[in-house]
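In what follows, a single structure is set out as structure tokens and then discussed.
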Amino acid sequence: MTFGKYKRLLLVVSLPLLLFGYGLSAFVMPYPSSAYLVCQSWGTMENCRNVGRPGENFYDHTKKQSPVWFQIDGAPVTDKNVYFIVEGDARTLGRATVEQVIPYSNEVIRNPQATALMQKLVGRPAMVRMGIEGSQRSVDLGSEIFLYCHTLEYDKEPLSWFPNPGAYTAQCVAEDWGGYISFKPSPEAEQQLALLRDGVTEEVGKIERDFWIHRVVLTVAPLFLFLILSGIVWLTRRATAFVKAG
267 MTFGKYKRLL
277 LVVSLPLLLF
287 GYGLSAFVMP
297 YPSSAYLVCQ
307 SWGTMENCRN
317 VGRPGENFYD
327 HTKKQSPVWF
337 QIDGAPVTDK
347 NVYFIVEGDA
357 RTLGRATVEQ
367 VIPYSNEVIR
377 NPQATALMQK
387 LVGRPAMVRM
397 GIEGSQRSVD
407 LGSEIFLYCH
417 TLEYDKEPLS
427 WFPNPGAYTA
437 QCVAEDWGGY
447 ISFKPSPEAE
457 QQLALLRDGV
467 TEEVGKIERD
477 FWIHRVVLTV
487 APLFLFLILS
497 GIVWLTRRAT
507 AFVKAG
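In the numbering used here, the protein residues as written are 267 to 512.
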């Protein structure tokens, strides 16, 4: 086969081989579709890592290190190639100012006063605790507000209940209300939240990069293998011709 014919053959087989490789990467040997990340606060450090799947030893061992965990949500962990489930160990974020509130619809049905009770929190400082253990519930003592929350969201797109959401939103519960609370953290709380955000972003970025490396390598692998085999055949034929000519 002449080099010109080989180039035409390569053009013909390249697309089918790439499609075959994509099928391998997406369906036959796909990258894990989900990842479980946990973040643990150690003083001035935040340790976020992939702990495998529920039921695996590392996952179970890590989850036992804290009695309570809270969920982390927001743009940095949603709408990715991998479905991320991110949790943080229970912690007190510190003081924050309540900016907006929206009760759960079922809470309004259960208690018609839920909206009014939550509106009383707006504009006031509160101590925010992430992770709810046992019967802990948010409470308004008049001079002090303690918020117990189970989900932290940040960098959320404007939603119907918060047309202009703040940087942080928590889902908190009390005895007589429950819902979304958008808050502005104090400088001290912001430092802790910044560590958490950076830790989540770094770990999510690693997994997303691994996803694309896996996808690209498997997609081009059949074409690369074809080129290698073609080279071996060409060298073999050249070597055979050389031996015969000798």
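Ideal placement from N, C-alpha and C gives every residue a C-beta, glycine not left out. All of these numbers come straight from a predicted model, not from anything done at the bench.
Distance check for residue j and residue i, CA to CA, integer angstroms please.
i       : j       : result
Asp-442 : Phe-293 : 48 Å
Tyr-414 : Gly-360 : 12 Å
Ser-452 : Asp-326 : 34 Å
Gly-389 : Val-405 : 16 Å
Ala-589 : Ile-375 : With the chain covering only 267 through 512, there is no way to say anything about residue 589.
Thr-506 : Ile-498 : 12 Å
Cys-314 : Phe-324 : 14 Å
Lys-273 : Trp-500 : 13 Å
Phe-449 : Thr-328 : 30 Å
Thr-502 : Thr-268 : 15 Å
Glu-399 : Ser-307 : 17 Å
Cys-438 : Leu-290 : 44 Å
Ala-433 : Ile-479 : 32 Å
Ala-380 : Gln-457 : 32 Å
Tyr-288 : Leu-281 : 10 Å
Glu-468 : Val-343 : 11 Å
Is DSSP giving residue i helix, strand or coil here?
i       : result
Lys-450 : strand
Met-311 : strand
Val-388 : coil
Ala-301 : strand
Asn-372 : helix
Gly-465 : helix
Ser-404 : strand
Asp-476 : helix
Asp-326 : helix
Looking at residue i and the ligand SAM, is the gap between the Cβ and the nearest heavy atom below 7 Å?
i       : result
Gly-444 : Looking at this structure, you won't find the ligand SAM or any other ligand, since it has none at all.
Nearest to residue i by CA position, among the options, is which residue?
i       : options                            : result
Ala-392 : Gly-400, Pro-378, Leu-407, Leu-383 : Leu-407
Glu-454 : Thr-328, Gln-331, Thr-363          : Thr-363
Thr-310 : Asp-476, Asp-464, Val-470          : Asp-464
Glu-410 : Tyr-420, Val-394, Gly-400          : Val-394
Leu-277 : Leu-489, Phe-449, Lys-472          : Leu-489
Glu-474 : Ala-301, Ser-280, Gly-444          : Ala-301
Ala-440 : Phe-477, Thr-467, Lys-472, Asn-377 : Asn-377
Arg-319 : Ser-332, Val-304, Gln-331          : Val-304
Asn-372 : Val-466, Lys-386, Met-384, Gly-445 : Gly-445
Tyr-420 : Ser-401, Gln-402, Ile-447, Arg-403 : Ile-447
Leu-284 : Glu-469, Arg-481, Ser-496          : Arg-481
Val-358 : Pro-333, Met-396, Glu-322          : Sequence check: residue 358 is Thr here, not Val. With distances taken between Cα atoms, Thr-358 lies closest to Met-396.
When burial is assigned at 16 or more other CB atoms within 10 Å of the CB, is residue i buried or exposed?
i       : result
Trp-335 : buried
Gln-352 : The sequence as given places Val at residue 352; Gln does not occur at that position. It is buried - the Cβ of Val-352 has at least 16 other Cβ atoms within 10 Å.
Leu-461 : buried
Ile-494 : exposed
Gly-354 : buried
Asn-316 : buried
Ala-341 : exposed
Ser-508 : Reading the sequence as shown, one finds Phe at residue 508 and not Ser. So Phe-508 counts as exposed.
### Query
For the stretch 356-371 against the stretch 484-492, are there 3 or more C-beta pairs whose distance is under 8 Å?
As far as the Cβ criterion goes, the stretch 356-371 does not touch the stretch 484-492, which means the pair count is below three.
### Inter-stretch contact at 8 Å, needing at least 3 Cβ pairs: the stretch 289-303 / the stretch 338-352
Taking a cut-off of 8 Å for Cβ pairs, the stretch 289-303 and the stretch 338-352 touch, as three or more such pairs fall below it.
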